[in-house]
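A.B. asks: Chains as they are written, first to last, in the numbering used here: chain R, 1 to 417; chain A, 418 to 834. Using N, Cα and C, we set each Cβ at its ideal position, and we do this for glycine too. This one's a predicted model, so the numbers in the text were calculated from it and none came from an experiment. Sharing a structure here in structure tokens format.
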């Protein structure tokens with residue numbers, strides 16, 4: 001008996017943690033006025049393959065699981081939540097704008113397996129469709145900040161703007177911009193000399209490289225760049241950044257400008273951002289996003305539909321949370337009721353606990369096996385109920401961590417827990 | 418742009434309702450000591466096709482979406498949550514028993530489409546694995562009852578036992594039991610004459626049919642049957658029912674005995690039950706389940722692994738809830754903040770509301786368009802913020818239902834909501 005390659009079971013302890021992450025993110029999205037959407041896992045292949053989605057030659061499409069239904073229609077499992085959103089917008093032209101939706105759910109990539117890379121994984125996206133104002137960009141950044149407050153994970157949020165980066169490269173006489181951007185994005189990881197080396201390998205001239213580094217530095221500020229820039233697109237990027245930063249100040253949300261932040265994906269058109277955990281072994285970003293004004297409009301057919309959004313990485317977030325709490329909860333059960341020939345009375349007691357909102361279970365085992373079971377699952381309290389205790393209208397509450405036992409009435413137990 | 422055939426988007430208003438159902442059921446499961454499990458949507462085809470699962474010739478397997486990964490492995494999309502559970506148990510032989518897990522998620526059937534039948538739908542199952550005591554059956558029934566209390570849906574829960582039904586048929590000299598059971602299960606829908614007719618059509622003799630109806634009646638009680646039964650299996654069924662009912666009495670859970678209740682699925686071995694909404698147009702069952710002691714053991718390989726479980730039907734439950742509340746919530750947003758040239762101040766205000774836990778959004782529109790938007794989404798309150806109001810350190814709170822406007826401080830707004 002085996003799993004399909006590249007997928008895994010999320011067993012109770014992991015799923016309890018995942019539910020916690022998902023719940024808090026959902027709360028965050030709702031707090032900021034986003035509504036939930038659930039799109040199907042199966043899409044028509046031509047939707048996924050559309051040149052405004054993955055495109056026939058893309059990696060995403062090469063990694064798409066394909067299938068047929070009984071009517072021999074060509075289908076695929078979705079590889080992200082963005083294409084289904086674009087398809088949904090195209091099919092619902094009368095929807096009220098701005099449409100603020102979030103979606104959390106599995107996506108599929110039939111790619112090579114390596115550490116941290118599986119074939120089914122959850123994405124968690126929120127987007128504001130139909131709002132071109134920088135208010136929307138600020139809202140998305142505020143959602144990211146709020147999400148990590150709710151998750152109790154201190155992060156650094158880095159912000160940049162694609163127009164700025166593109167304009168800088170124009171001013172430096174760089175044509176192969178995407179190539180340069182890929183190298184510049186690594187400044188944090190490989191440092192200035194590393195990026196210089198990569199730019200040389202990518203055949204940029206010394207003059208171009210030197211020009212780039214008059215702008216690109218971890219110390220560059222919006223105002224220091226503004227003085228040096230002449231390119232119109234770059235100055236528009238600066239203006240957008242200034243607007244976003246002024247909104248964020250009003251919202252009391254702290255983010256850092258980083259001129260080297262680029263984000264791999266080609267479809268961003270303005271604001272881009274990434275969030276990283278402070279003091280963690282997890283170095284990949286926990287959340288990322290930006291403005292992508294082109295895709296939906298092209299999908300729908302030559303309309304202008306602005307969009308800005310963000311994505312939380314459920315898996316790296318869970319990794320960070322696991323660093324903090326070594327021991328995962330194996331169950332949400334708080335009390336395990338152990339009857340000693342008192343099953344009938346215990347059924348009444350367990351229902352009383354549940355009525356009071358205490359997650360409870362009842363044992364079908366002997367005392368020693370029951371205690372083993374509660375211990376193995378990490379249930380914090382056991383309620384031992386023998387006939388002698390019942391005669392006194394009491395029960396024994398055992399704290400499984402300290403071993404301490406107390407003779408209490410059921411009402412006292414409820415009050416205590 | 419089209420959806421794949423037989424699947425649908427669950428748009429915000431539906432998804433908000435679905436989240437509510439799913440949240441309450443999760444709370445119920447956790448209250449009763451069940452833990453969450455998430456199995457992958459893709460399984461190896463041979464797992465799904467195993468004769469202890471769907472079996473090569475079954476309907477379920479004919480309706481399985483099949484696919485291949487890049488390594489040419491034969492895979493399928495899961496058609497239920499039971500086979501993945503059995504596979505998980507087989508792969509985790511050291512897991513602590515009883516293993517009480519619930520899982521909610523999509524399953525797939527590539528079958529013909531008709532009203533209420535789609536190709537991707539959610540199942541919501543909870544099972545207790547490794548507990549042969551009738552306590553477990555009683556717990557499952559109590560979970561069903563509690564779930565509907567949490568959902569605020571009055572239901573009638575009908576209970577029967579497969580051993581009883583099988584034993585009755587033995588006593589009536591019936592061999593083709595499954596055929597007879599299919600007809601008897603319809604007693605509620607087509608009445609005694611209907612069932613008699615169907616039994617005649619299925620070639621049962623008058624003597625057999627008359628014998629069956631000495632036992633099968635909507636008025637039959639456990640004690641009335643007990644007096645007439647001699648078959649050993651039937652008497653064991655009676656004994657199990659008596660035990661379950663006595664436990665349920667202790668737990669203060671009300672269920673009805675129904676000797677005609679059979680449940681379609683072949684794999685039940687003992688207790689069976691179904692829950693129906695009282696006073697609703699939805700006549701299909703909202704929840705069902707029973708004991709299925711054979712499947713997992715056979716899956717694992719000739720072990721005995723008792724199991725009892727239940728399933729909630731998310732879609733019919735949502736239908737019943739929609740009958741009660743004609744107007745679905747389109748958003749969870751409680752306040753829509755409308756700046757009149759006060760964007761910067763409003764950003765502070767909207768953050769203040771969110772900090773107080775009030776789901777809030779901020780408008781990028783003119784007043785009239787903003788009011789339209791709030792109205793279209795059914796947002797209950799709008800906060801209108803002009804410079805004149807701000808000078809008085811106040812804002813205008815408009816109740817969108819009554820139209821009433823009040824001049825309040827932000828703190829007063831928070832207190833009011």
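Measuring alpha carbon to alpha carbon, tell me which residue in A:538, A:604 and A:491 is nearest residue 459 of chain A.
C.D. replies: Walking along the second chain from the start, residue 459 of chain A turns up at place 42. Considering only alpha carbons, the answer is A:491.
A.B. asks: Could you round the C-beta distance between residue 457 of chain A and residue 107 of chain R to whole angstroms and report it? I think they count as a contact, below 8 Å.
C.D. replies: Along the second chain, one-based indexing puts residue 457 of chain A at 40. Along the first chain, one-based indexing puts residue 107 of chain R at 107. About 12 Å separates the beta carbon of residue 457 of chain A from that of residue 107 of chain R, a gap too long to meet the 8 Å contact definition.
A.B. asks: Taking the runs of the beta strand (DSSP E) that are 3 residues or longer, which of them lie wholly in the stretch 441 to 488 of chain A?
C.D. replies: Counting only runs of 3+ residues, the beta strand (DSSP E) found wholly inside the stretch 441 to 488 of chain A occupies 459 to 461 and 483 to 485, in chain order.
A.B. asks: So if I threshold CB-CB distances at 7 Å, which residues from the stretch 646 to 677 of chain A count as touching chain R?
C.D. replies: Contact annotation: in the stretch 646 to 677 of chain A, residues whose CB is within less than 7 Å of a CB in chain R are 664, 667, 668 and 669.
A.B. asks: What are the boundary residues of the beta strand (DSSP E) that includes residue 398 of chain R?
C.D. replies: Translated into positions along the first chain, residue 398 of chain R becomes position 398. Taken as a continuous stretch (DSSP letters only), the beta strand (DSSP E) holding residue 398 of chain R covers 395 to 399.
A.B. asks: Checking contacts by CB at 9 Å: is residue 325 of chain R closer than that to chain A?
C.D. replies: Taking the first chain and counting its residues from 1, one reaches residue 325 of chain R at position 325. False, the Cβ-Cβ gap to chain A never drops below 9 Å.
A.B. asks: Determine the chain R residues that contact residue 538 of chain A at a beta-carbon separation under 7 Å, and present them in chain order.
C.D. replies: The residue labelled residue 538 of chain A in the question sits at position 121 within the second chain. Those do not exist, as residue 538 of chain A stays about 10 Å from chain R at its closest Cβ, beyond 7 Å.
A.B. asks: What residue from A:714, A:823, A:422 and A:650 has the CA that sits closest to residue 535 of chain A's CA?
C.D. replies: Indexing the second chain from 1 puts residue 535 of chain A at position 118. When each option's Cα is compared against that of residue 535 of chain A, the closest is A:422.
A.B. asks: Under 8 Å by Cβ, that's how I've got residue 311 of chain R and residue 123 of chain R pegged, so tell me the actual separation to the nearest angstrom.
C.D. replies: The count along the first chain starts at 1 and reaches residue 311 of chain R at position 311. The count along the first chain starts at 1 and reaches residue 123 of chain R at position 123. Yes, they are in contact, since the Cβ atoms of residue 311 of chain R and residue 123 of chain R sit about 6 Å apart, within 8 Å.
A.B. asks: For a test of the three-state rule: what should DSSP assign to residue 690 of chain A, helix, strand or coil?
C.D. replies: Counting from 1 along the second chain, the entry for residue 690 of chain A is found at position 273. Strand, per DSSP.
A.B. asks: Keeping to the same chain, check which residues put their C-beta closer than 8 Å to that of residue 506 of chain A; ignore five residues upstream and five downstream.
C.D. replies: Here the question's residue 506 of chain A lines up with position 89 in the second chain. Hits under 8 Å: 512, 516, 546, 713, 716, 717 and 722.
A.B. asks: Check the C-beta distance from residue 561 of chain A over to residue 692 of chain A and give it rounded, since I have them as a contact under 8 Å.
C.D. replies: For the purposes of this step, residue 561 of chain A is taken as residue 144 along the second chain, with counting starting at 1. For the purposes of this step, residue 692 of chain A is taken as residue 275 along the second chain, with counting starting at 1. 5 Å between Cβ atoms; contact.
A.B. asks: Tell me which same chain residues have a C-beta within less than 8 Å of the C-beta of residue 14 of chain R, skipping the five on either side of it?
C.D. replies: Here residue 14 of chain R refers to the residue found at position 14 of the first chain. The answer, listed in chain order, is 318 and 328.
A.B. asks: Residue 99 of chain R bridges to which residues according to DSSP?
C.D. replies: Start at 1 with the first residue of the first chain, and residue 99 of chain R comes out as number 99. R:129, per the DSSP bridge assignment.
A.B. asks: Could you name the residues of the same chain whose beta carbon sits closer than 7 Å to that of residue 747 of chain A, not counting the 5 residues immediately before and after it, in chain order?
C.D. replies: Counting from one through the second chain, the residue named residue 747 of chain A turns up at place 330. For residue 747 of chain A, same chain residues with a beta-carbon under 7 Å away, outside a window of 5 residues either side, are 429, 430, 794 and 795 in chain order.
A.B. asks: Who pairs with residue 618 of chain A in a beta bridge, going by DSSP?
C.D. replies: Residue 618 of chain A sits at position 201 when you count from the first residue of the second chain. Beta-bridge pairing links residue 618 of chain A to no other residue.
A.B. asks: Would residue 90 of chain R count as contacting chain A if we go by Cβ distances under 9 Å?
C.D. replies: Working through the first chain from its first residue, we reach residue 90 of chain R at position 90. Output row for residue 90 of chain R: interface = yes.
A.B. asks: Note the first and the last residue of the continuous beta strand (DSSP E) segment covering residue 494 of chain A.
C.D. replies: Translated into positions along the second chain, residue 494 of chain A becomes position 77. That run of the beta strand (DSSP E) goes 491 to 494.
A.B. asks: Mind checking residue 421 of chain R: buried by the 16 CB within 10 Å criterion, or exposed?
C.D. replies: Since the first and last residues shown for chain R are 1 and 417, residue 421 of chain R lies out of range.
A.B. asks: Relative to the alpha-carbon of residue 773 of chain A, which residue among A:760, A:640 and A:830 has its alpha-carbon at the smallest distance?
C.D. replies: Looking up residue 773 of chain A in the second chain gives position 356. Residue A:830 is the option with its Cα nearest to residue 773 of chain A.
A.B. asks: Which residues in chain R have a C-beta closer than 7 Å to the C-beta of residue 546 of chain A? List them in chain order.
C.D. replies: In the second chain, counting from the first residue as 1, residue 546 of chain A sits at position 129. Within 7 Å Cβ-Cβ: nothing; residue 546 of chain A doesn't reach chain R, min ~13 Å.
A.B. asks: Would you check if the stretch 672 to 681 of chain A and the stretch 627 to 637 of chain A touch, i.e. whether three or more CB-CB distances between them fall below 8 Å?
C.D. replies: In the pairwise beta carbon analysis, the stretch 627 to 637 of chain A is classified as touching the stretch 672 to 681 of chain A: at least three pairs are separated by under 8 Å.
A.B. asks: Among A:775, A:810 and A:826, which has the Cα closest to the Cα of residue 33 of chain R?
C.D. replies: The count along the first chain starts at 1 and reaches residue 33 of chain R at position 33. Closest by alpha carbon: A:775.
A.B. asks: So which residues of chain A does residue 7 of chain R contact, with C-beta pairs closer than 7 Å?
C.D. replies: The count along the first chain starts at 1 and reaches residue 7 of chain R at position 7. What residue 7 of chain R touches in chain A: 457 and 459.
A.B. asks: May I ask which residues mark the beginning and end of the alpha helix (DSSP H) holding residue 82 of chain R?
C.D. replies: Here the question's residue 82 of chain R lines up with position 82 in the first chain. Start and end: 82 to 91.
A.B. asks: Taking CB distances under 9 Å as the criterion, tell me whether residue 776 of chain A reaches chain R.
C.D. replies: Indexing the second chain from 1 puts residue 776 of chain A at position 359. Yes, because at least one Cβ of chain R sits closer than 9 Å to the Cβ of residue 776 of chain A.
A.B. asks: Going by the DSSP bridge assignment, what does residue 752 of chain A pair with across the sheet?
C.D. replies: For the purposes of this step, residue 752 of chain A is identified with residue 335 of the second chain, where counting begins at 1. The partner list for residue 752 of chain A (beta bridge, DSSP) reads A:777 and A:798.
A.B. asks: Give me the chain R residues within the contact set of residue 447 of chain A, using Cβ-Cβ distance strictly less than 7 Å, ordered along the chain.
C.D. replies: Taking the first residue of the second chain as 1, we reach residue 447 of chain A at position 30. For a Cβ distance threshold of 7 Å, residue set 332 and 359 of chain R lies close to residue 447 of chain A, ordered along the chain.
A.B. asks: Look up residue 579 of chain A in the DSSP assignment and say whether it is helix, strand or coil.
C.D. replies: The residue given as residue 579 of chain A occupies position 162 in the second chain. Three-state DSSP puts residue 579 of chain A in a helix.
A.B. asks: Kindly indicate which three-state DSSP category residue 293 of chain R falls into: helix, strand or coil?
C.D. replies: The count along the first chain starts at 1 and reaches residue 293 of chain R at position 293. Residue state for residue 293 of chain R is assigned as coil, using DSSP reduced to three classes.
A.B. asks: Report all residues from its chain with a CB closer than 8 Å to the CB of residue 580 of chain A; omit the five preceding and five following residues, and keep chain order.
C.D. replies: Taking the second chain and counting its residues from 1, the one referred to as residue 580 of chain A is at position 163. Within the same chain, residue 580 of chain A has close Cβ partners 650, 651, 653, 654, 657, 686 and 687.
A.B. asks: Using the beta-carbon of each residue, which ones in chain A are nearer than 9 Å to residue 52 of chain R?
C.D. replies: Mapped onto the first chain, residue 52 of chain R falls at position 52. Ordered by position in chain A, no residue passes the 9 Å Cβ test against residue 52 of chain R, which lies about 11 Å from the chain.
A.B. asks: Can you give me the start and stop residues for the beta strand (DSSP E) that residue 726 of chain A sits inside?
C.D. replies: Numbered from its first residue, the second chain carries residue 726 of chain A at position 309. Looking at the DSSP string, the run of the beta strand (DSSP E) that includes residue 726 of chain A is 724 to 729.
A.B. asks: Per DSSP, which one or two residues make a beta bridge with residue 346 of chain R?
C.D. replies: Position 346 of the first chain, counting from 1, holds the residue named residue 346 of chain R. DSSP lists no partner for residue 346 of chain R.
A.B. asks: Under 9 Å, do residue 823 of chain A and residue 814 of chain A count as touching if we go by C-beta distance?
C.D. replies: In the second chain, the residue the question calls residue 823 of chain A occupies position 406. In the second chain, the residue the question calls residue 814 of chain A occupies position 397. Yes.
A.B. asks: Among A:704, A:694, A:684 and A:730, which one has its Cα closest to the Cα of residue 710 of chain A?
C.D. replies: Along the second chain, read from residue 1 onward, the residue named residue 710 of chain A stands at position 293. For the residues A:704, A:694, A:684 and A:730, the minimum Cα distance to residue 710 of chain A belongs to A:684.
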